[in-house]
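These notes concern the structure reproduced below.
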Amino acid sequence: MKNLLKPVVAAGLMLTASALPMMAAPAAAQDARGVGVVSLPAVIANSNAYRTAEQQRQTTYQAQISQAETRRQQIEAQLTPLIQQFNTARQAASPDQQALQQQATQIQQIEQAGQRELQAILAPVSLSRAYVTEQIEDRLDEAVQAAATKRNVTLILDATSGQVIFAGAQHNLTQDVLTELNTLVPSVQVTPPQGWVPREIREQQAAAQAQQTAQQQQPSGR
């Protein structure tokens, strides 16, 4: 489940009736029982734990959010006259292409530097969001299994995989999984522990350590 969650959560797509491929399903599929469809990103985003954490984060990281917004406005104020000057210059009868290129380069450099600066300011906020999501993901598999058991579902299809041919309303487990997840994870911690890094980075570090250990254990050639 956790491996499945990475592309699913990143995609952030929600299943709707109109999103299903307009294909005629076989009669056996239409009469199928024990099949469920679930949108995992919708479950996470609508869970009580996630919504509460989103609200708490606005208070916990208010200083960083305010600082980023102030800096964003400053960058925008710096860029606005440069962009206006660039647009005016390129509309001239015989624009200086070299000067235009220099202006465009300057604008792009300021934008990129500003983006990096804002990302650095908001890094604790991004880390908090990753920490919140991972805590919920850790119980998501359990919530899916509990919902499937209560609905007597033996097969659950990922709503974002594109492999769903037919799914009636009775097969949609999104609300059921959401109910189970709200019970299992009523709330989560907003502030990550000191030194915490997202699961993806931990896995990369573990793989690198395993590779290094394997190399050290290999007999040296003579």
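In mature numbering (1 follows the signal peptide of the UniProt record, and there is no 0), the protein residues as written are -24 to -1, 1 to 198.
Beta carbons: idealized from backbone N, C-alpha and C, even for Gly.
For F62, the closest C-alpha among the options Q77, T28 and A69 is that of Q77.
By the Cβ rule, the stretch 81 to 90 does not count as touching the stretch 125 to 134, because fewer than three pairs are nearer than 8 Å.
About 6 Å separates the beta carbon of R47 from that of E93, a gap short enough to meet the 8 Å contact definition. Between V153 and V14, the gap from beta carbon to beta carbon is short of 8 Å. The shortest CA-to-CA distance from S42 to any of L98, A75 and Q188 is the one to L98. In the DSSP assignment, L116 falls within the unbroken alpha helix (DSSP H) covering A99 to K126. The alpha-carbon separation between A75 and Q95 amounts to approximately 30 Å. Only exposed fits R178, as fewer than 16 other CB atoms lie within 10 angstroms of its CB. Of the candidates Q82, T56, Q91 and Q193, Q91 places its Cα closest to the Cα of E45. If you look at D134, you'll find it in the beta strand (DSSP E) that goes L131 to D134.
Judged by DSSP secondary structure, V11 falls within the beta strand (DSSP E) whose first and last residues are V11 to V14. The C-alpha of P195 is placed about 15 Å away from the C-alpha of Q187. Beyond the five residues adjoining it in sequence on each side, I132 comes within less than 8 Å, by CB distance, of V11, G12, V13, V14, V120, A124 and L149 in the same chain, given in chain order. According to the DSSP assignment, Q60 belongs to the alpha helix (DSSP H) that extends over Q38 to R66. Around the C-beta of P17, 16 or more other C-beta atoms lie within 10 Å, and the residue is accordingly described as buried.
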